[in-house]
Amino acid sequence: MLYTFILWAVIGGILLIVVLNRVFRPKRANTSHGNELEKQSLLYRAWRSTASVIRRYTLQEGLPRLFPNTTRLQILILATLCIYLIIFSLVGIVYKTWITPIKNSDKHNTRTGLGGFSDRIGALAYALTPLTIALSTRDSILSLLTGVPYQHFQFLHRWTGRIILVQSFIHTIGWTVIEGKLYQPQPKVYNDFISQKYMIWGIVAQGLITFLFVFSLRPVIRWTGYEFFRKTHLVVAGLYLGACWGHWSRLACWMIASLGLLGLDLGARILRICLIHMGYKDGNKGLGFRAIQTRVESFRDPTGMILRLSFTHNHEPWKVGQHFYLTFPALSIWQSHPFTPASMPPIETVPPAHAYIIRARNGETGKLAALAEAGEKGNGEDFKTSVILTGPYGCSVVDREVSNLLAIAGGTGVSFTLPIINAALSDESSHTRNIEMVWIVRHPENLAWIAPELLALKSRLARGTSADRTEKGGAVTLHPSKRLRIRIFVTRAPETATHIHPKHGDTEKDVEISSASSSTSVSNISGIQDLLKPQPDFHVTYLDHAHPLIPGIIDSFMDETVESGRTQVAASGPPAFGTDIRAAVARRNEGRRVWRRDERGDVECVWDDRMG
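With full-length UniProt numbering, the residue at position 373 of the sequence shown is 373, and numbering never jumps.
See the structure below:
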């Protein structure tokens with residue numbers, strides 16, 4: 001018990017340091033915009049320089065074959081935890097052997113330090129359980145304390161669970177050897193031991209945690225389906241905690257804490273659903289559960305179908321970077337999926353407008369696409385269906401202290417980056433002045449996914465052509481001091497085409513708009529022409545079945561447009577996309593440069609790999 005409390009004293013101490021760091025970290029002084037580092041305190045420069053050095057060496061991925069899409073920082077935390085558990089599983093135990101005679105028998109018992117070691121490692125497995133549960137919850141206490149979104153804890157949740165599995169097997173094997181071999185006479189001692197109630201509960205717990213491990217492996221999840229994994233994982237985890245309580249009630253405090261964390265997470269989830277859907281904001285209609293009616297637009301290209309969901313509902317606004325879980329009752333009430341709103345949370349007291357860009361894949365989103373397609377054919381207009389909303393989850397990703405913002409999105413990842421760009425543009429009190437949007441799509445018609453938002457951004461660029469517009473570093477300066485540039489990369493050549501003629505820079509070039517789908521209409525093509533219409537600081541680059549080099553995009557932004565100040569790179573897309581971005585951002589961090597009053601060496605990375 002002593003070592004279990006020492007374990008949590010260390011965890012609590014680390015969390016306290018993180019909380020104090022968040023509360024008392026040096027803040028940027030409110031001075032005029034521009035290069036302000038020389039006006040900041042020595043403590044602030046030391047802090048930012050240290051943070052830059054840490055990002056340079058821990059932001060990149062490490063051991064990609066063993067830990068794919070995992071940063072060095074996450075691996076370092078896991079390695080530190082493993083080393084700590086190994087040390088405290090071994091220290092303080094007397095490693096000797098004692099031979100003791102058995103009364104009225106010529107046999108003897110062999111007593112060793114194995115019993116103490118097995119007990120210690122079992123107790124540490126119990127103590128580690130609440131941490132594993134805390135790392136898995138959506139309404140995460142750890143996120144509240146650290147400011148880190150809950151989804152970034154999933155790697156540690158998986159591996160702390162595997163550590164507990166290994167500990168439980170070592171504990172079981174140790175006591176099996178003791179009771180089945182070292183204690184005599186056999187088999188009487190072992191039969192009496194295995195038939196006890198606490199041992200039966202121990203066998204049940206061992207079977208349940210083995211089930212949790214096997215059915216959380218990626219090949220097994222693909223075989224059984226994600227929803228089977230999610231539902232059984234929750235139910236079996238609860239049963240496992242109860243079995244551990246039955247196995248050794250003297251350590252029930254750790255199981256009670258774990259069950260409490262599970263209960264709080266489920267309770268908060270139910271409360272969120274009720275607050276959004278029970279009509280507490282809609283006094284005219286009274287209380288009562290109401291699903292939200294959402295409009296579904298479909299866009300088809302040669303690689304599949306994209307859905308845009310739009311609806312307005314009266315509830316508390318979310319923070320930029322947070323996401324919601326959406327359930328479609330027309331398909332199933334037992335499945336929900338996380339999606340990031342492509343819309344901005346309202347600043348004024350008006351009902352929030354939601355917009356989601358979803359690529360239809362196998363499973364629930366594929367069924368939704370089929371339902372929408374059938375509905376559109378039936379009534380000749382956009383399909384409508386009901387949706388149940390849960391959330392918001394995650395944390396705000398807006399950093400008002402950064403001077404430069406580069407938002408990179410791949411495909412539907414634009415749902416994550418678009419609100420960040422709009423927040424930076426609309427907040428005049430923010431330090432962010434140099435903003436660039438990079439969107440990588442497969443086909444030109446993909447721009448129609450966010451046509452209203454993209455046209456609104458282009459109108460901001462158009463306002464920059466008035467008297468208050470100046471050219472600086474290849475970007476447009478918008479009144480009063482915002483600079484914006486939009487770059488779009490089209491990676492795949494269409495198979496069949498209708499030709500339109502926008503200009504790319506000063507060179508006219510034919511752009512082919514795919515008509516692979518029968519749903520492509522003349523009005524759709526006309527709308528895409530408007531989106532592709534040439535304009536200063538709006539650049540469309542057409543690639544022949546190739547992808548742009550991420551390091552080149554980041555280097556171009558940093559070298560050509562960043563004159564001073566800190567930089568934030570916000571990005572979303574496929575996992576491999578994140579690998580390149582993290583490596584490129586890590587390379588741009590130079591702590592020595594920051595210390596010497598040049599904040600261009602201070603580059604942050606915000607990555608989100610949810611494609612919805």
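Glycine included, each C-beta is placed from N, C-alpha and C at the ideal position.
Given the structure is predicted, the values throughout are model-derived calculations rather than measurements.
* **Three-state secondary structure assigned by DSSP to K231** => Helix, per DSSP.
* Ignore the nearest five residues each way along the sequence and tell me which others in Y3's own chain have a CB closer than 6 Å to its CB. => F88
* For C82, which option in I221, Q151 and G161 has the closest C-alpha, if you only look at C-alpha atoms? -> Selected option, being the one with the closest Cα: G161.
* Report buried or exposed for Q206, applying the criterion of at least 16 other Cβ atoms within 10 angstroms of its Cβ. => buried
* With a cut-off of 8 Å, do at least 3 Cβ pairs link the stretch 42–51 to the stretch 591–598? -> yes
* Between G113 and I93, is the Cβ-Cβ spacing less than 9 Å? -> yes
* When the Cα of L457 is compared with those of S426, I440 and P444, which residue comes out closest? -> S426
* On the DSSP bridge assignment, give the partners of V542 in chain order. => With the sequence shown as reference, residue 542 is identified as Tyr, and Val is not the correct amino acid for it. V490, per the DSSP bridge assignment.
* Determine the contact status of P345 and H323, defining contact as a CB-CB distance below 9 Å. => no
* Between T224 and V214, what straight-line distance do the alpha-carbon atoms span, to the nearest angstrom? -> 11 Å
* Less than 9 Å separating the beta-carbons of T561 and E364? -> no
* Helix or strand or just coil, what does DSSP make of E297? -> Looking at E297 - three-state DSSP - the assignment turns out to be strand.
* To do: To the nearest angstrom, report how far apart L239 and N589 are at their CA atoms.
  => 47 Å
* Would you say H547 touches the ligand COA, meaning its beta carbon is less than 8 Å from a heavy atom? -> This structure lacks the ligand COA; in fact it carries no ligand of any kind.
* **Beta-carbon gap between G115 and I178 smaller than 9 Å** => A contact, by the Cβ cut-off of 9 Å.
* To do: Please go through the same chain and pick out, in chain order, the residues whose beta-carbon is closer than 7 Å to the beta-carbon of P130, but skip the five residues on each side of it.
  => Within the same chain, and ignoring the five residues on either side of P130 in sequence, the residues whose Cβ sits closer than 7 Å to its Cβ are W254, A257, S258 and L261.
* To do: Note down the Cα distance separating R250 from T137, rounded to an integer number of angstroms.
  => Cα to Cα, the separation comes out at about 26 Å.
* Could you say if the stretch 182–190 and the stretch 227–246 meet the contact criterion of at least three C-beta pairs nearer than 8 Å? => Taking 8 Å as the limit for Cβ pairs, the verdict is that the stretch 227–246 does not touch the stretch 182–190.
* From the DSSP output, read off the bridge partner residues of M437. => According to DSSP, M437 bridges with A407 and I486.
* Asked: Looking at C-alpha atoms only, which residue of T432, S396, L389 and V540 is the closest neighbour of I440?
  -> Nearest to I440 by C-alpha distance, out of T432, S396, L389 and V540, is V540.
* Could you tell me if D301 is buried or exposed, where buried requires 16 or more neighbouring beta carbons within 10 angstroms of its beta carbon? => buried
* Evaluate V606 with the Cβ neighbour count: other Cβ atoms within 10 Å of its Cβ, from every protein chain shown; 16 or more gives buried, anything less gives exposed. => buried
* Asked: Tell me, which residues are paired with M305 by DSSP?
  -> Its beta-bridge partners are R300.
* Best match in C395, A252 and V296 for proximity to P317 [C-alpha to C-alpha] -> C395
* Asked: Who are the Cβ neighbours of F383 in its own chain at under 6 Å, not counting the five residues just before and after it?
  -> The answer, listed in chain order, is V296, A372, G375 and E376.
* Asked: I273 and T390: beta carbons closer than 9 Å?
  -> yes
* To do: Would you list, in sequence order, the uninterrupted alpha helix (DSSP H) runs of no fewer than 4 residues that lie entirely inside the stretch 190–247?
  => 197–214, 218–224 and 226–247
* With a cut-off of 8 Å on the beta carbons, I'd call H431 and V402 a contact; round off their distance for me. => 6 Å
* Does DSSP put I347 in a helix, a strand or coil? -> The three-state reading of DSSP puts I347 in coil, since its state is none of H, G, I, E or B.
* **Extent of the continuous beta strand (DSSP E) to which N422 belongs** => Segment V414 to S426 is the alpha helix (DSSP H) holding N422; no beta strand (DSSP E) there.
* Asked: T312 bridges to which residues according to DSSP?
  -> Looking at the DSSP assignment, T312 forms a beta bridge with A353.
* For the candidate residues L326, A243, A237 and G304, whose alpha-carbon lies nearest to that of I276? -> When only C-alpha atoms are compared, the closest one is L326.
* Asked: CB-CB under 7 Å to P351, same chain, minus the five flanking residues each way: which ones, in chain order?
  -> T312, H313 and N314
* For A546, I'd like the list of residues in its chain whose CB is within less than 8 Å of its CB, leaving aside the five on either flank, ordered along the chain. => Around A546: T491.
* To do: Look up Y126 in the DSSP assignment and say whether it is helix, strand or coil.
  => Three-state result, Y126: helix.
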